[in-house]
Amino acid sequence: GVLVLENVEDPCSKVLIIQAVQNAMGNNTETAEEKLREYLEFKSKVPLNIAITGGSGNGKSSFVNAFRGVDDDDDHASPTGVKETTMEVKEYPHPNYPNVIISDLPGIGTTKFPASKYLKLFGFNKFDLFIIISADRFTENDAKLAKEIDKMKKKFYFVRSKVDVDLQNEQRKKNFSEQKTLAEIREDCVKSLKQHGIESQQVFLVSNHHIHLYDFSLLQETLQRDLPDHRKDALLLDEQCCGMCVKIVCALHQTSLQCKYI
C-alpha cells in the first residue's frame, strides 16, 4: 500500500496530511486527528473558482446571475445588456456555497480580447472548472479554449444558451415539436464542435430566464459530481471522516504496509 500525495497541490495541505500520518503511525491518534481537522478546516476556506467564458453577446452574465439565483436587475447581479458589458474578470460569490466563486470573463475573440492572447490575459490556471457558453453554433475560438483547458487536465462544459428564444421562433412553423427542435439544436452543437476537433462532448441546453426547464438542473448536478478531488474534501468531508482516516492509516501501519510521502 502506498500513500501518495502527488495530487495535493498546496504545500500547506501536504504538510498537514504528512504530519497526521506520522502521528498515526506512532499510534498518536489524537494528534493525528487534530492535524486532519486542521487540513479539512484549511481546505474548507480554499475557494472553488468556476470560470464562465465564451463569445461576446452569448448571455454569459445572465447565466452567471441565473446560476447564482439572482435576477439581472438585482443590486448584486452581473451587469447585462445587448452589447458587451464585461470588460474585466468579475468575481461573484455563490449565495449558498461561500467557498464557491463564479468568475464572469469578457468575451473571447473581440478586438480587445483576441483569442490568441485570451488565456494569458486572464490566467486560466487559477480557475478550477470552465463553462463555455454559446447562443448559436460553437466556434473555432470555443474549441481552442476547450483544447487548452484539456491540456491543463481541467474540466469544461459546453452550454448552449437562449434555447427559449429558438423555441419561440420555431413555434411559428407548421408541425412544431419542442422535443424535435431541442434535439436538432443539440445535434447541431455537437456537429459544430466535431468540425473543430472536439469529439463526443455533452452539450447542455439552457434558458437563463427559465432555469427550471431544459438542462439547467442537469448541469448543476453534473458540476457537483465533477468537482476536482482536492476540492471535494473541502465540501464533503466532515469530522467523522477525520477519525476514519486515522484508523485507516493505523491499520496500514499495523499490517506493515509501506507509506510513501511525495
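Sequential numbering from 29 applies to the sequence shown in the working numbering.
Idealized CB from N, CA, C, for every residue including glycine.
Inset, instruction - Using three-state DSSP, classify N77 as helix, strand or coil. - result: strand
Inset, instruction - Check whether the region 118 to 137 touches the region 89 to 104, taking contact to mean three or more Cβ pairs, one atom from each stretch, closer than 8 Å. - result: They touch, by the three-pair rule.
Legend entry - Of the listed residues S189, N153, S84, L195, nearest to D178 (C-alpha basis): N153
Inset, instruction - Mind reading off the beta-carbon distance from G9 to K88? Whole number of angstroms is fine, and I expect it under 8 Å. - result: The structure shown does not extend to residue 9, since the chain is modelled only from 29 through 290, so no value can be given for it.
Legend entry - Assigned secondary structure, V231 (DSSP; H/G/I helix, E/B strand, else coil): strand
Inset, instruction - Drop a sphere of 10 angstroms on the beta-carbon of V193, count the other beta-carbons inside from all chains shown, and report buried for 16 or more, exposed for fewer. - result: exposed
Legend entry - N-terminal and C-terminal residue of the alpha helix (DSSP H) that K208 is part of: 206 to 223
Inset, instruction - Measure how close the beta-carbons of I80 and I136 come, nearest whole angstrom, since I'm counting them as under 8 Å. - result: No, I80 and I136 are not in contact; Cβ-Cβ is about 12 Å, not under 8 Å.
Legend entry - Backbone secondary structure at K183 - three-state DSSP: It is a strand residue.
Legend entry - Given P75 as reference, the closest of H224, Q223, D156, M180 once Cα atoms are compared: D156
Inset, instruction - Apply the 10 Å Cβ neighbour rule to F204 and answer buried if 16 or more other Cβ atoms are within range, or exposed otherwise. - result: Classification for F204: exposed.
Legend entry - Residues that P121 bridges to, as DSSP identifies them: I129
Legend entry - Assumed close pair S189, A163 - CB separation to whole angstroms, cut-off 8 Å: 5 Å
Inset, instruction - May I ask you to report which of helix, strand or coil DSSP gives I226? - result: In the three-state DSSP reduction, I226 falls in the coil class, being neither helix nor strand.
Inset, instruction - Determine, using beta carbons only, whether C217 and V234 come nearer to each other than 9 Å. - result: Cβ atoms of C217 and V234: not closer than 9 Å.
Legend entry - DSSP three-state assignment for I159, whether helix, strand or coil: strand
Inset, instruction - My understanding is that I159 touches V191, with C-beta atoms under 8 Å, so please give their C-beta distance in whole angstroms. - result: No, I159 and V191 are not in contact; Cβ-Cβ is about 15 Å, not under 8 Å.
Inset, instruction - Return the chain-ordered list of same chain residues with a C-beta closer than 6 Å to the C-beta of Y146, the five sequence neighbours on each side being excluded. - result: I136
Inset, instruction - State buried or exposed for K172, treating a residue as buried only when at least 16 other CB atoms are found within 10 Å of its CB. - result: buried
Legend entry - N- and C-terminal bounds of the alpha helix (DSSP H) containing T250: 244 to 253
Inset, instruction - Can you grab the Cα-Cα spacing for the pair F141 / S245, in whole Å? - result: 31 Å
Legend entry - Assigned secondary structure, R200 (DSSP; H/G/I helix, E/B strand, else coil): coil
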